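This report concerns only the one structure given below.
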């Protein structure tokens, strides 16, 4: 069964601190892995997309890593800001377009 | 605006009624996707259009759900005989069409079935 598991389910950090979110998947065949940020009441916004041959991708303070052998990915957020408070969703595609979504990690950045 | 738009933003209906949800993709985007997001869950894939045709409708939960994209632009998701379990946020996304292209999401339509 194709699954995308994210951890932790929720996380609270102080403004300015770093954090790392995890994603494990069992999706096969693998096409690409995406991280999305979703603010409450809004649609998801793409942060990064990585194919099989890529093991790291950065977008500003967001850095995603991918280990296709162990089927693990992480999203590292550097110097967190209050505006980083959101749900972060890991999505693994089988045929290019997004099919398998994780439940997300809810991040709260506090002053 | 240049983003994906969805109407209505909120829809409240009674069990058994028929509803239509509309999605206006970004101009020029050939790929269009519908997802359903229940409270506290990640989005769940419903259907993917490439142009006017449904390239993959394997995510539609049953035959009460149907989607069209007659001119390869605007899409309508149609739900017949709505049930309380259909209550969710229905998200639409579009992309330029390549498999690795970024998908741009609309704000969603919150459907509540009473």
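Residue numbers (the numbering used here), protein chains in the order written: chain A, 656 to 766; chain B, 6 to 119. Built from N, CA and C at the ideal position, the CB exists for glycine as well. Here the structure is a predicted model, which is why all the values come from computation and not from measurement.
Excluding five sequence neighbours on each side, which residues of the same chain lie with their C-beta closer than 6 Å to the C-beta of residue i?
i: residue 61/B; result: 53
i: residue 30/B; result: 9, 37, 99
i: residue 694/A; result: 741
i: residue 15/B; result: 115
i: residue 12/B; result: 27
i: residue 718/A; result: 731
i: residue 747/A; result: 659, 680, 682, 688, 755
i: residue 712/A; result: 703, 705, 719
Grouping DSSP H, G and I as helix and E and B as strand, with all else coil, what is residue i?
i: residue 106/B; result: coil
i: residue 739/A; result: helix
i: residue 722/A; result: strand
i: residue 671/A; result: coil
i: residue 58/B; result: strand
i: residue 29/B; result: strand
i: residue 89/B; result: helix
i: residue 17/B; result: strand
i: residue 731/A; result: strand
i: residue 74/B; result: coil
i: residue 755/A; result: strand
i: residue 114/B; result: strand
i: residue 82/B; result: strand
i: residue 764/A; result: strand
i: residue 37/B; result: strand
i: residue 666/A; result: strand
i: residue 162/B; result: Not covered by the structure: residue 162/B. The range shown for chain B is 6 to 119.
Between residue i and chain B, is there a C-beta pair that is closer than 7 Å?
i: residue 758/A; result: yes
i: residue 699/A; result: yes
i: residue 717/A; result: no
i: residue 687/A; result: yes
i: residue 752/A; result: yes
i: residue 744/A; result: yes
With 7 Å set as the bound, which would you pick, yes or no: does the beta-carbon of residue i sit closer than that to a beta-carbon of chain A?
i: residue 54/B; result: no
i: residue 96/B; result: yes
i: residue 110/B; result: yes
i: residue 105/B; result: yes
i: residue 50/B; result: yes
i: residue 47/B; result: yes
i: residue 21/B; result: no
i: residue 3/B; result: This structure cannot speak to residue 3/B, because chain B is shown only from 6 to 119.
Once the 5 residues before and after residue i are set aside, which same chain residues still bring their CB inside 7 Å of it?
i: residue 671/A; result: 734, 735
i: residue 93/B; result: 41, 42, 43, 116
i: residue 726/A; result: 679, 680, 681
i: residue 69/B; result: 84, 85, 86
i: residue 764/A; result: 668, 670, 735, 736, 737, 739, 740
i: residue 78/B; result: 30
Give every residue of the same chain whose Cβ lies closer than 8 Å to the Cβ of residue i, excluding the five residues on either side of it in the sequence, and list them in chain order.
i: residue 72/B; result: 39, 51, 52, 54, 59, 62, 65, 80, 81, 82, 83
i: residue 89/B; result: 20, 118, 119
i: residue 673/A; result: 731, 732, 733, 734, 735
i: residue 699/A; result: 691, 692, 693, 744
Exercise for the section: Indicate whether the contact test is met: 3 or more Cβ pairs, each with one atom in the segment 734 to 742 of chain A and one in the segment 16 to 29 of chain B, closer than 8 Å. Expected result: no
Exercise for the section: Jot down the residue ranges of each uninterrupted beta strand (DSSP E) in the segment 673 to 712 of chain A, minimum 3 residues, whole runs only, in chain order. Expected result: 674 to 680, 687 to 693, 700 to 706
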